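Novice: Please read through the structure below; I'll follow up with questions.
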Amino acid sequence: MRVMAQMAMVMNLDKCIGCHTCSVTCKQAWTNRSGTEYVWFNNVETRPGQGYPRGYEDQETWKGGWALNRRGRLSLRAGGRFKKLLTIFSNPKLPSIHDYYEPWTYDYSTLTDAPAQQHTPVARPKSLLTGENMKVSWSANWDDDLGGSTDHGHRDVMLKNLGDKVKFEFEQTFMFYLPRICEHCLNPSCAASCPSGAIYKRTEDGIVLVDQDRCRGWRMCVSGCPYKKIYFNHRTGKAEKCTFCFPRVEVGIPTVCSETCVGRLRYIGLMLYDADRVLDAASVTEPHDLYRSQRDVFLDPNDPAVVRAAEQAGIPRDWIQAAQRSPVWALINTYEVALPLHPEYRTMPMVWYIPPLSPVVDIVRDTGHDAEDKGNLFAAIESLRIPVEYLAELFTAGDVAPVTGVLRKLAAMRSYMRDISMGDAPDESIAAAVGMTGSALQDMYRLLAIAKYDERY
Amino acid sequence: MTVDDNLRRERPPAQLDGPFTQALVRTRRFFTRAQISDDSRTMYKIGGRQADDFYRDRWSHDKVVRSTHGVNCTGSCSWKVYVKDGIITWESQQTDYPSVGPDSPEYEPRGCPRGAAFSWYTYSPTRIRYPYVRGVLLQMYREAKNRLGDPVAAWADIVDDPVRAHSYKAARGKGGLVRASWDEATEMVAAAHVHTIQKWGPDRVAGFSPIPAMSMVSHASGARFVNLIGGSMLSFYDWYADLPVASPQVFGDQTDVPESGDWWNAGYLIMWGSNVPVTRTPDAHWMTEARYRGQKVVVVSPDYADNVKFADEWLPARPGTDAALAMAMGHVVLKEFFVDRSTPYFSDYVTKYTDLPHLVCLSDDGDGGFRPGKFLTAADLPDHQHEENAAFKTVLVDALTDGLVVPNGSLGHRYGDAGVGKWNLELGPVEPRLSMLEGDHEPVLVSLPRFDAPDGAAQTLARGVPARRIGDRLVTTVFDLLLAQYGVGRAGLPGDWTASYDDASAPYTPAWQEQITGVPAAAAARIGREFARNAEQSHGRSMIIMGAGTNHWFHSDTIYRAFLTLINLTGCQGVNGGGWAHYVGQEKVRPITGYTQMANALDWTRPPRNMIQTAYWYLHTDQFRYDQFGADTLSATTGLGQLAGKSTADVIAQSARMGWMPSYPTFNRNPLELADQAAAAGQPVADYVVEQLTTGKLGFAGEDPDAPENFPRVLSIWRANLLGSSSKGNEYFLKHLLGADSSLRATETAEGVRPRDVKWHQQAPEGKLDLLLTLDFRQTSTTLFSDVVLPAATWYEKHDLNTTDMHPFVHSFNPAIPPPWQTRTDWDAWQTIAAKFSELAATHLGVRRDVVAVPLTHDTPDAMANPHGVVRDWKAGECDPIPGVTMPKLVEVERDYGAVGAKMNAVGPLLDSLGATTKGITFDLATPLRYLAQKNGVVRGGPADGRPSLQRDVHVCEAILALSGTTNGMLATQGFKTLEERTGTRLADLAEEHEGKQVTFADTQNAPVPVITSPEWSGSESGGRRYSPFTINVERLKPWHTLTGRMHFYLDHDWMTELGEGLPVYRPPLNMAALFDEPVIGDVSDGSSGRVAGVTVRYLTPHNKWSIHSEYQDNLFMLSLSRGGQTIWMSNADADKVGIHDNDWVEAVNRNGVVVARAIVSHRMPEGTVYMHHAQDRLIDVPIAETSGRRGGIHNSLTRLLIKPSHLIGGYAQLSFAFNYLGPTGNQRDEVTVIRRRSQEVEY
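What follows is the structure, encoded as structure tokens:
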């Protein structure tokens, strides 16, 4: 056992309102400068939708992340390091600026400076790449709130395996938001892709950073990251990425995106894991097993053996205590409601998500049933407006069982707490139905609903 | 340790893809000091992190300053503004709100992406850095001043010369702004004011600045100046159509709503026309989190709105049909919870707190039929008719004695000596009888109005009520009438009753609503039932969050009354976690009393001229000249014909002359001259004016708005973007008010339907306004069309105060940097203008006397001017013109124009002698004024010698805090004690816990400060509870400010009867095809036969995810996250009809104007409806329209004003005017447009 500590995040998508405050505060703080105009370390995607850069999840095209080779060994999907060296000057798997978007501004000063003229002055869009007039035709968030769905929606990569489960028709509409930052993976394919050795994981907290002095701008990390969360600064010629706000985290302040999240859906916490077992866990054969295998890499911070090993590894006591009170640990392990994003990329991502519970479909409503009735609760889950299969494509490599399990827990919590809220005695059978106790449901409720500042971070 | 261990046993340790790679990556060890993992997979690094310095530097800053965003939004979020090297870098949310308790989420953080992007404006290229003046005007001014030597003479020389006036007015909006100095620009502004006051009168000057709660001092700055000179401040709440007129109608209150933290307490939540994640972003988490307590969430929205994601149920009712759905739910509630069985909690609640048991006379309509008439009052009872204010005391039957009772608490008890200690809801041993069905009664068939035909045509229903005979009158209860209206039958009553919920033929069954709304009947019934069942179980914790989606319609008051019926029947109002939660443009100046004194300058001069803005622009932008129907088009078959033959403009004129609504400019003569003439005639002003009016020598300006003497001449706008945002009928503004180019396409009213009383000019004037002044920090349509633009400080560059109703805290603005370039704070700028004005006015105007016409005002005995709400028009000979009774009060006011600057800067002496009155409670301010003199220091010398200083913005903040009960516990307690004398109930304890507390500005700089429970508001925060409105009324039996003192289901005013809206009723959206000959929704035209090509759709302008009104719509961050310019959302079904694809350029055209935008095509939109989100200004990427050859318009280029006559009622109980409290709404939802794909080659 080699205990290491990792800063990690959980986002409760069930609470995300899609406001993009996280994106704006992050951009204002970090990438509001030349060379990074198109860069959003934090972005929020409407799903179904293509995301940013568009179609980034299509690893058939981009070859990001890891795959098992014929011998069952983990290899970079884009080819090993050797191949990388051979193709270093012509990387074919790089998204173009149009896959992100052509950043623009406006000639605002015209509004003030316009001489007397025939028409009301207007500020026209100007490309920040060429300075020329342009028609704005894509952005980092073009399909926000399902905009353009009938023209573009079918390009959502997740739909490939879903057949006709998702229809772009008014009556069947659903959507949810997926905020994304760098996953600060335990098994980062970006780092493994870097020919210069410029990408490293900080020993003490696992934050993945690009050494700005060492980066040579090969951009293999951009290709290697399946989440497309490393960006090329075209002014400095270096790669840049989310830093997990290390200058803030180091002094005990949450990341900008977390603290400014008005949905109060982000949790930050320390996780202890066994570094010796990461590669094994990332190499399990069956993609469905990756969620479980990654969880097994995590070490129980309350286990005396783990605590001893952590102390021996030089992890300070207050860090161990932080791991013990980590909301991320609780959500991933104690309550088992948080899931990794695309475990099938085998990078062991460390930003996890609670999937969204969403309105019940018309079938349940039209039969005259009350979805709040305890008897109907789980029946309703099985026929949610958001197909469970869609969520499974995102979080469990297509395995619906863990997703359903989370949604049932959320529904059970609502049902259990309703009795208390209405002044009735709680019904313990509800908790039992999802393999929990009433007090565990109440603790989970405290973390998800009350969610005080000092318990979120 | 399971899966992994098994795996490990089965195979050798995992490795990277091959030995060569393995070897290669191991070489990293030799080139770096970093540590490579044993499996070579990854690299850890200790030390050697100098390269990270870039990010550390980027994060460092010199200071963090608390501020917020001061207009447009009611979020009231406290922000941290980061400053490095004297430069504002960015902002993030404060998280230091006082806790709301250990068992609840907190208010942290509050903010949204719009707010997070605000600092962009500070240094952006759209920042206005210097004063600007329209070049052609400045040239003429300099020339004239040079020639004439006097600024006032120079201004007069230009504006009184039609040719030169035209030359600069026609240039408005066409570039050509040039820099000027503050001295020169403000001298022009001052000269324009002086000249206008001298020549036309002070009421020809107007000011517009909205939403004071968001930055009270900034609002008060210009308002104080305008009020000191006798100008008119224009209302905003009604103008924005955010005022729910149903609130004064039902509650007798402007609007009072729960803080968002109270959503947490609801067991059942319907979001109805309110897209909470977008429009209440910082509050939305309360909804998402309350679901985890088991709250059920229902959304009613025509599209798959952002909030539908959170809902357990989505009812996609067709736009504007919400009342039909609510009425059907009400039908179910009445049947199942009142008729089939009695629900004790509900019946107890409605008998105590609503007018349901109060008696209404059935009026004989002459042919043996009956209709609901007036409330039975004490004046109708021989035993009571001589009591004080008897006509304002309603009557009920005591179930225990079967006798008539005149209960405490009605309006008649609120005033006069006899009512002392009786204005309360104590019923003693009385048990009000809800229905006349119990006891002796006779069934009477009553005619009731219905409007549910697709075209909204008026029809009649006949349904029976049990009536009791009292003397020669037949009376029934409001409850009995309500059951008849809702179609809930009872045995033995005649009429058209419905057989079952499935009966689609008659209002208001679930099946009936399905045809109208598209919502399945079963779903409507079930949600109604669940809402009530939850309320019954939880004693009122069912809540409806309602907003612009249901409140911006022409008939929104009927939609809201249908909602409020659901809420009040189920005992939810005045209960934490229950009731209405109206959120659109609602705002709460929590320290209302102090703010009002400052803004209205009540410390120096009373009364102010506060004007209803919708009527103002309806007349002054000549929209009345394009009406194609009379006011009686809206009348019910059961009406009295009182609107027959009148145009809407006629109704406005009538309301003004009867003293119901304000009207400024008031007379067709300068009021300063009127005062002089009265003095010359040796008559009191009021007598003189009445005589002049009755002899026809004097007229009301509103009866001839197109005469030059009645034009508005000077308009100042600050903290607002009238022309790019709120101007419904934007093209009418451009044409008639400004004289600029416009794309107006409408035809004028045909001769037969023109106004009868209001004068028609053959030629409509263009360019009425002489000066448009705007203070702003960024370019907008308003600045581009302005004559003078002054550079304003942003919200990060000044001191101010901020409150909201969304949370219970008061917090502050503070300058992160001083105002840069030549910008000034609003307080500073208006002081500059006032000083300049006084300098010129001292000689040109001196001390004058002014005549102010004041409407009959709410929360005063004026509310008893019209017994029974009977219309009496003195001009029609129906009564005598008596100021303050049948016409406006006429008050003479002295104006020392040379002293205006000095008065701006100090608290005036009227507060010492008159105190301050809020909602009928007068506060004695002696103690806080002494405190203020010490806190702020006093002014030495001049007209304000020795008075507390208001020289700095911080001084005004302290004054507002000291003079309000919510921030001064002594005043709150004092106010409650004053109120206790009238109610005879215990109230003062609500504030006593904070009696010694005085919130200071320094407190608000430190952290958001919780406010104190005060009689200024209807709810209580005592003991740290969440604010919910009317909890004081419910718990302490304090009456509502209505006729009965209870919440009203029934309104017996003549004009309510005329419109068929005495009771809740469904009225469909206006039929624009019938009213204005627009094509029918769904119509597709190829452009032949002179018609506009495209598909006709409902045109809605909901709130925007990427802007709060037009602010932020031009912000590069918001543009980058959205589509980067004007857009219209439409359904794929409509897009397919006319070949539109996503991001195509489209043109939307109707008679009001034209819009060029790009289409966003999505399946989340319903067929037949498009959204052009409010507010999209014409400044960003708007090409030339093919239709007009001019710059494309704004979202309001396709709308126009339409005024509902019932909004003009005044002088009767809760239907009495107060500023931003009652007035016609600037609704804009009923519009349609034709939309088509245009040439994709656009020109600018």
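Line by line, the protein sequences are chains A and B.
Heads up: the first sequence begins at 15 in my numbering, then just goes up one per residue.
Heads up: the second sequence begins at 225 in my numbering, then just goes up one per residue.
Glycine included, C-beta positions come from ideal geometry on N, C-alpha and C.
Being a predicted model, the structure only gives us computed values, none of them experimental.
#1: Is the Cβ of Cys796(B) closer than 8 Å to any Cβ of chain A?
#2: Can you grab the Cα-Cα spacing for the pair Gly593(B) / Phe675(B), in whole Å?
#3: Any beta carbon from chain A within less than 8 Å of Arg250(B)'s own beta carbon?
#4: Can you tell me the Cα-Cα spacing of Asn775(B) and Tyr279(B), whole angstroms?
#5: Please report how far the alpha carbon of Thr1423(B) lies from the alpha carbon of Thr1006(B), in whole angstroms.
#6: Listing by chain order, which chain B residues have their CB less than 7 Å from the CB of His302(A)?
#7: List the residues of chain A whose Cβ lies closer than 7 Å to the Cβ of Ile1364(B), in chain order.
#8: Between the region 517-526 of chain B and the region 485-497 of chain B, do three or more beta carbon pairs fall short of 8 Å?
#9: From which residue to which residue does the alpha helix (DSSP H) around Tyr784(B) run?
#10: With burial defined as no fewer than 16 other Cβ atoms inside 10 Å of the residue's Cβ, what is the status of Ala411(A): buried or exposed?
#11: Closer than 8 Å by C-beta to Val265(A): which residues in its own chain qualify, once you throw out the five before and the five after it? Chain order, please.
#12: Using beta-carbon positions only, say whether Asp288(A) and Val17(A) come within less than 8 Å of one another.
#13: Is His1035(B) close to chain A? Criterion is C-beta to C-beta, closer than 8 Å.
#14: Identify which residue in Asn800(B), Ser566(B), Gly497(B) has its Cα closest to the Cα of Ser525(B).
#15: Give, in chain order, every residue of the region 22-42 of chain A whose Cβ lies closer than 8 Å to some Cβ of chain B.
#16: Compile a chain-ordered list of the residues in the region 1393-1410 of chain B whose CB is closer than 9 Å to at least one CB of chain A.
#17: Should Gly359(B) be flagged as near chain A, meaning a C-beta pair shorter than 8 Å?
#18: So, does the region 305-322 of chain B touch the region 76-94 of chain A, judging by three or more C-beta pairs under 8 Å?
#19: Determine the burial state of Pro472(B): buried for a count of at least 16 other Cβ atoms within 10 Å of its Cβ, exposed for fewer.
#20: At least one CB of chain A closer than 8 Å to the CB of Asn824(B): is that the case?
#21: Which residues in chain A sit within 7 Å of Tyr516(B), going by Cβ to Cβ distance?
#22: Please classify Val1316(B): does DSSP put it in a helix, a strand, or coil?
#23: Kindly list, in the order they appear in chain B, the residues whose Cβ is closer than 8 Å to that of Lys472(A).
#24: Quick check: Leu968(B) and Asn1376(B), are their CB atoms within less than 8 Å of each other?
#25: For a cutoff of 8 Å on Cβ pairs, would you count Val813(B) as touching chain A?
#26: Determine the chain A residues that contact Ala395(B) at a beta-carbon separation under 8 Å, and present them in chain order.
#27: Which whole runs of the beta strand (DSSP E) in the region 1087-1149 of chain B are 3 residues long or more, in chain order?
#28: Shorter than 8 Å from the beta carbon of Trp44(A) to some beta carbon of chain B?
#29: Thinking just about the alpha-carbon of each residue, which of Ala1059(B), Asn1374(B), Gly645(B), Tyr1290(B) is nearest to the one in Arg1210(B)?
#30: Applying a beta-carbon distance threshold of less than 8 Å, which residues of chain B neighbour Val276(A)?
#31: Which residue's Cα is closest to the Cα of Gly680(B): Ser859(B), Ala839(B), Leu826(B), Val521(B)?
#32: Which residues in the same chain as Leu1432(B) place their Cβ atom closer than 7 Å to its Cβ, once the five residues preceding and following it in sequence are excluded?
#33: If you draw a straight line from the alpha carbon of Ser1246(B) to that of Ala1215(B), how long is it in whole angstroms?
#34: Can a CB atom of chain B be found closer than 8 Å to the CB of Gln226(A)?
#35: Do Val1512(B) and Gly771(B) have their C-beta atoms within less than 8 Å of each other?
#36: Given that Trp343(A) touches chain B, what residues does it touch there, using C-beta distances under 8 Å?
Specialist: According to the structure shown:
#1: no
#2: 20 Å
#3: In this prediction, Arg250(B) has a pLDDT of 48, which is less than 50 and means its spatial position is unreliable; what the coordinates show is noted afterwards. Taking Cβ atoms only, chain A never reaches closer than 8 Å to Arg250(B), which makes this a no.
#4: 48 Å
#5: 18 Å
#6: Neighbours of His302(A) on chain B: none; closest Cβ ~11 Å, over 7 Å.
#7: Those within 7 Å of Ile1364(B) in chain A number zero; the least Cβ separation is about 10 Å.
#8: yes
#9: 780-793
#10: buried
#11: none
#12: yes
#13: no
#14: Gly497(B)
#15: Asp28, Lys29, Ile31, Gly32, Cys33, His34, Thr35, Ser37, Val38, Thr39, Lys41, Gln42
#16: Arg1402, Leu1403, Ile1404, Asp1405, Val1406, Pro1407, Ile1408
#17: yes
#18: no
#19: buried
#20: no
#21: Met427, Arg428, Met431, Tyr459, Leu462, Ala463
#22: coil
#23: The first residue shown for chain A is 15 and the last is 471, placing residue 472(A) beyond what the model contains.
#24: yes
#25: no
#26: Ala130
#27: 1113-1120, 1140-1142, 1145-1147
#28: yes
#29: Gly645(B)
#30: Gln317, Pro333, Arg334, Gly335, Cys336, Thr505, Pro506, Ala508, His509
#31: Ser859(B)
#32: Val875, Ile876, Ser879, Trp884, Met885, Pro1448
#33: 7 Å
#34: yes
#35: One cannot answer for residue 1512(B) here, as it falls past the ends of chain B, which runs 225 to 1468.
#36: The premise fails here: Trp343(A) is roughly 16 Å from chain B at the closest Cβ pair, so nothing lies under 8 Å.
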